[in-house]
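Take a look at the structure set out below.
As structure tokens, then:
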């Protein structure tokens, strides 16, 4: 097949497209074409709200679009490009879930068994199941609420620390639970730290090895890694910039850190092409048997209008054109990520802005979903404004309300 490559620079932003000579295929032809101009508008709005740069990659059938704006490194004034690596934050939870669900398929873990059956030290409630952990329904307190109550001081205090899983779990269980097991959805990083410990205890194999042997290697994800507790990113990457709680102060370069405070809940490094390949492969059945994939993709609404839902380590987003996409969002100091795909895996999108602790940027960046899958964000982009006056929360310290 002959592919035509196009590169255009618009007002400091770069758009590269690999457009197939033949149609993208029947499965994606029912969706509107991605709107590159809408993606650019969203990226420019994110930068106006405080992000140094942003990138988006859309893979649709045989066509690819790589769109980037701003800077990957503010000190060196290096331009952003859509191929750079970055810390994906809570998108890591979907990788961890795949490992766990493969163990379920192998008969080594039962989703509805007590998690305590598989742990070296029991959780305080024997009724917490593996399913509760995967769906954020365990009720376990998120230890990051304390750790990052003050954003930058909290980050600097753990930036170079190395934790054991049990140390993090103990920080959680020192608090009362949020709710009874299974009673309610309550997002908590603790759940996926427990799952990392569970996987390693059951198998005797480190999570890094599981990721590599079960996902990175088989899918050829050459830009995806789990280097904990190393602090460095290799190759071409975007630096991350953390906004301080006092927004009059300069951004803090948060690129180098162990991410030991998150581990299996948020320490994966990747790029947009690999994340698109991962989620497309996942929903296409290339990583899990159908029974386990159905469990993972069976989502339950978690907001009032039902547009956002959660399954097992997987988010669902219902968009304005009626399509529901599956993937995960990610927040880690200095990076916001959206990585989603259609149910058939034929169109995938990853977007990243290299800042965090800025709810306005995070909300704006979500507009790339509409642009990529519905092509309608031109009309909608002006609505991507700051969160309401009550502030915002994020995947880090989800119980702490921040000023927008």
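Numbering (the working numbering), first residue to last: 214 to 617.
Where is the CB? At the ideal position from N, CA and C, for every residue including glycine.
Fair warning: this is a prediction, and the values are worked out from it, not measured in the lab.
Point to revise | Own chain partners of residue 437 with C-beta closer than 6 Å, once the 5 adjacent residues on each side are dropped | key: Walking along the chain shown from the start, residue 437 turns up at place 224. Cβ within range, chain order: 429, 483 and 487.
Check your understanding: Which residue or residues does DSSP assign as beta-bridge partners of residue 271?
Key -> Here the question's residue 271 lines up with position 58 in the chain shown. BP columns for residue 271 point to 278 and 562.
Check your understanding: In terms of alpha-carbon separation, which member of 405, 286 and 458 lies closest to residue 420?
Key -> Here the question's residue 420 lines up with position 207 in the chain shown. If we check each option's Cα against that of residue 420, 405 comes out closest.
Check your understanding: Should residue 557 go down as buried or exposed, given a rule of 16 or more other Cβ atoms within 10 Å for buried?
Key -> Indexing the chain shown from 1 puts residue 557 at position 344. The residue in question, residue 557, is exposed, as its Cβ has fewer than 16 Cβ neighbours within 10 Å.
Practice item. Hey, could you find the ends of the alpha helix (DSSP H) residue 423 is sitting in? Key: Looking up residue 423 in the chain shown gives position 210. 420-424 is the span of the alpha helix (DSSP H), which, as asked, contains residue 423.
Practice item. Excluding the 5 residues preceding and the 5 following residue 417 in the sequence, name in chain order all residues of the same chain whose CB lies nearer than 8 Å to its CB. Key: By one-based count along the chain shown, residue 417 stands at place 204. Excluding residues within five positions, none has a Cβ falling inside 8 Å.
**Study point:** Nearest residue (CA-CA) to residue 439, options 530, 265 and 306
**Key:** For the purposes of this step, residue 439 is identified with residue 226 of the chain shown, where counting begins at 1. Residue 306 is the option with its Cα nearest to residue 439.
Check your understanding: According to the neighbour-count rule (16 or more other Cβ atoms, all chains shown, within 10 Å of its Cβ), is residue 226 buried or exposed?
Key -> The residue you call residue 226 lines up with position 13 of the chain shown. Flag for residue 226 reads buried.
Point to revise | 7 Å Cβ shell around residue 321 - same chain, five flanking residues per side excluded | key: On the chain shown, residue 321 is found 108 positions in, with the first residue counted as 1. Answer for residue 321: 415, listed in chain order.
**Study point:** Endpoints, alpha helix (DSSP H) assigned at residue 642
**Key:** Summary: the structure shown does not reach residue 642, with the chain confined to residues 214 through 617, and so no result is reported for it.
**Study point:** residue 221 burial status per 10 Å Cβ neighbour count (16 or more: buried)
**Key:** Residue 221 sits at position 8 when you count from the first residue of the chain shown. Only weak support is given to the placement of residue 221: the predicted model assigns it a pLDDT of 49, under 50, and the value that follows is read from those uncertain coordinates. The residue in question, residue 221, is exposed, as its Cβ has fewer than 16 Cβ neighbours within 10 Å.
**Study point:** For residue 246, the three-state DSSP class (helix, strand or coil)
**Key:** On the chain shown, position 33 is the one that residue 246 refers to. Three-state result, residue 246: coil.
Review point. Is it the case that the Cβ atoms of residue 513 and residue 522 are separated by a distance below 8 Å?
Key: Here the question's residue 513 lines up with position 300 in the chain shown. Here the question's residue 522 lines up with position 309 in the chain shown. In contact: residue 513 and residue 522 (Cβ atoms closer than 8 Å).
Check your understanding: Are residue 471 and residue 374 close, meaning C-beta to C-beta below 8 Å?
Key -> Looking up residue 471 in the chain shown gives position 258. Looking up residue 374 in the chain shown gives position 161. Contact: yes.
Exercise for review: Give the DSSP bridge partners of residue 514, in chain order.
Suggested key: Start at 1 with the first residue of the chain shown, and residue 514 comes out as number 301. Its beta-bridge partners are 522.
Practice item. For the beta strand (DSSP E) holding residue 405, just list the boundary residues, first then last. Key: Within the chain shown, the letter at position 192 stands for residue 405. It is not in any beta strand (DSSP E) - residue 405 instead sits in the alpha helix (DSSP H) that spans 402-416.
**Study point:** Exposed unless 16 or more other CB atoms sit within 10 angstroms - verdict on residue 301
**Key:** Stepping through the chain shown from its first residue, residue 301 is reached at position 88. With 16 or more other Cβ atoms within 10 Å, it is buried.
Review point. For the alpha helix (DSSP H) that residue 345 lies in, which residues bound it at each end?
Key: Residue numbering aside, residue 345 sits at position 132 when the chain shown is read from its first letter. Run containing residue 345: 343-347, per the alpha helix (DSSP H) assignment.
Review point. Does the distance from the C-beta atom of residue 547 to that of residue 477 stay below 8 Å?
Key: Your numbering for residue 547 matches position 334 in the chain shown. Your numbering for residue 477 matches position 264 in the chain shown. Not in contact: residue 547 and residue 477 (Cβ atoms no closer than 8 Å).
Check your understanding: How would you call residue 403, buried or exposed, if buried means at least 16 neighbouring beta carbons within 10 angstroms?
Key -> If you number the chain shown from 1, residue 403 lands on position 190. When all chains shown are included, residue 403 counts as buried.
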